[in-house]
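A short worksheet on the structure shown next.
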């Protein structure tokens, strides 16, 4: 069976024109999509998958529908996250922050209140798991993990019991998102002999999902660095081009640890002295576990908004430097995306030296289609444009096209179109909207 060359998700929100998006990531032989705009409660989404292999065989799935329920995100406070001079909570009021209709992040009091407030603004429900609460999965308790989409653990100070670890793994196994935020080795704020690196590693995160937080006697377990060592060139990457904004600035560590990865895990940001793709020196990592997703970041400083309780050491890493907030917000959105929308693919995608891209795959009527063509051998290119029924609506022959090419949409109606170029293994999809 030949590998998939073209893979896209077509989606429509509340009966709007179908738009397209490509996989935001793939891990092993699974591809993952996200809807590249925040969805609100009760939004109705219709979607289908389009796949084409290198022989131009096309498969289109049935059209499916789901109605969006409100996304709920649970922030842990069972692990003394305010020990010492820390304040890793979203508000002093628990489990639900108060007021319930905040006007700014300062309406809530906690060093990560900005994180929660911006999620609230996006339509998400944010909740705290208070001290002395049980961490459970599959019970009728309203704070049971099964009632949430994402579980955030920011710099825990006490280890988890076996029963708690099992509940967390069951949550992720069944599609939950887990966001783990560590700090540098030795950040033991309650003096019990445990820091976040040791707690996460003791949970078996390294063996289960391939993320190891560097700890005692391990390299780069306490670094300060503003890292631009990432590749944000893929416009469909949810982390770097997610619904909360495009990342162009650094991820800023102030005494944090790096990670070592393997298995399902992939790096997104590295210490500057490491090459991209390295399994060491990772500052932000993603992974999967059965149907769920995991993110690891080795420093809590970038999540700190500087507005917590008086007497604590607070710094504005959230919006004060780099693009820290976007790494956390787009990362949270990546966790929310349902991994069960993956399509299994057993063979590698075939590449080609020639390349063609659309500057934008969404265009208003009467606008100009801008194609970016990489044609190093200056071969003749024949461009055909088809509507969704397969009817050819445009044709253009170019002797030696290379670089930018502009096409007029003219009288084309709104809808989905496909652009095919002779000599290129890839076809493109374009949505024209009113």
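Residue numbers (our numbering): 958 to 1391. Ideal placement from N, C-alpha and C gives every residue a C-beta, glycine not left out. On a predicted model such as this, the values are computed, not experimentally measured, just so you know.
Candidates the options: closest to residue i by CA position
i            : options                : result
residue 1292 : 1184, 1378, 1001, 1030 : 1030
residue 1149 : 1034, 1116, 1139       : 1116
residue 1102 : 1111, 1072, 1135, 1089 : 1135
residue 1175 : 1242, 1123, 1142, 1018 : 1142
residue 989  : 1012, 965, 1019, 1036  : 965
residue 1137 : 1129, 1188, 1255, 1099 : 1255
residue 1118 : 1093, 1279, 1112       : 1093
residue 981  : 1190, 1126, 1210       : 1190
residue 1085 : 1228, 974, 986, 1107   : 1107
residue 1234 : 1247, 1218, 1246       : 1218
residue 1247 : 1203, 1067, 1378, 1126 : 1126
residue 1111 : 1276, 1287, 1263, 1253 : 1253
residue 1214 : 1007, 1232, 1157       : 1157
residue 1183 : 1209, 1056, 1278       : 1209
residue 977  : 1062, 991, 996         : 991
residue 1187 : 1264, 1242, 1048       : 1242
Per-residue DSSP class, three states only, for residue i
i            : result
residue 1294 : coil
residue 986  : coil
residue 1195 : coil
residue 976  : strand
residue 1119 : helix
residue 1351 : strand
residue 969  : strand
residue 1202 : strand
residue 1008 : strand
residue 1344 : strand
residue 1105 : coil
residue 1374 : strand
residue 1125 : helix
residue 963  : strand
residue 1339 : strand
residue 1288 : helix
Own chain partners of residue i with C-beta closer than 6 Å, once the 5 adjacent residues on each side are dropped
i            : result
residue 1244 : 1166, 1167, 1168, 1221, 1222, 1251
residue 1185 : 1207
residue 1258 : 1211, 1274
residue 1146 : 1040, 1041, 1043, 1114
residue 1144 : 1152
residue 970  : 1000, 1002
Burial state of residue i (16 or more Cβ within 10 Å)
i            : result
residue 1274 : buried
residue 1224 : buried
residue 960  : exposed
residue 1072 : buried
residue 1238 : buried
residue 1139 : buried
residue 1022 : exposed
residue 1091 : exposed
residue 1161 : exposed
residue 1017 : exposed
residue 1266 : exposed
residue 1070 : buried
residue 1054 : buried
residue 1401 : Given a span of 958 to 1391 for the chain in the structure shown, any question on residue 1401 remains unanswerable.
residue 1171 : buried
residue 1249 : buried
residue 1289 : buried
residue 994  : exposed
residue 1173 : exposed
Sequence-distant residues of its chain with Cβ nearer than 7 Å to residue i (five each side left out)
i            : result
residue 1087 : 1034, 1051, 1052
residue 1283 : 1201, 1202, 1204
residue 1037 : 1114, 1115, 1147
residue 1230 : 1238
Chain D within 7 Å of residue i, Cβ atoms only
i           : result
residue 992 : Of the chains in the structure shown, none is chain D; there is only one protein chain.
Legend entry - Within the stretch 1020 to 1094, ranges of the beta strand (DSSP E) (whole runs, at least 3 residues): For the stretch 1020 to 1094, whole beta strand (DSSP E) runs of length 3 or above, ordered along the chain, are 1021 to 1024, 1029 to 1033, 1082 to 1086.
Legend entry - Whole runs of the alpha helix (DSSP H) within the stretch 1138 to 1184, excluding any shorter than 4 residues: Within the stretch 1138 to 1184, the complete alpha helix (DSSP H) segments at least 4 residues long are 1153 to 1159, 1162 to 1166, listed from N- to C-terminus.
Inset, instruction - Please specify which runs of the beta strand (DSSP E), each continuous and at least 3 residues long, are wholly inside the stretch 1212 to 1285, giving them in chain order. - result: With a minimum length of 3 residues, the unbroken runs of beta strand (DSSP E) contained wholly in the stretch 1212 to 1285 fall at 1216 to 1218, 1223 to 1227, 1239 to 1246, 1249 to 1254.
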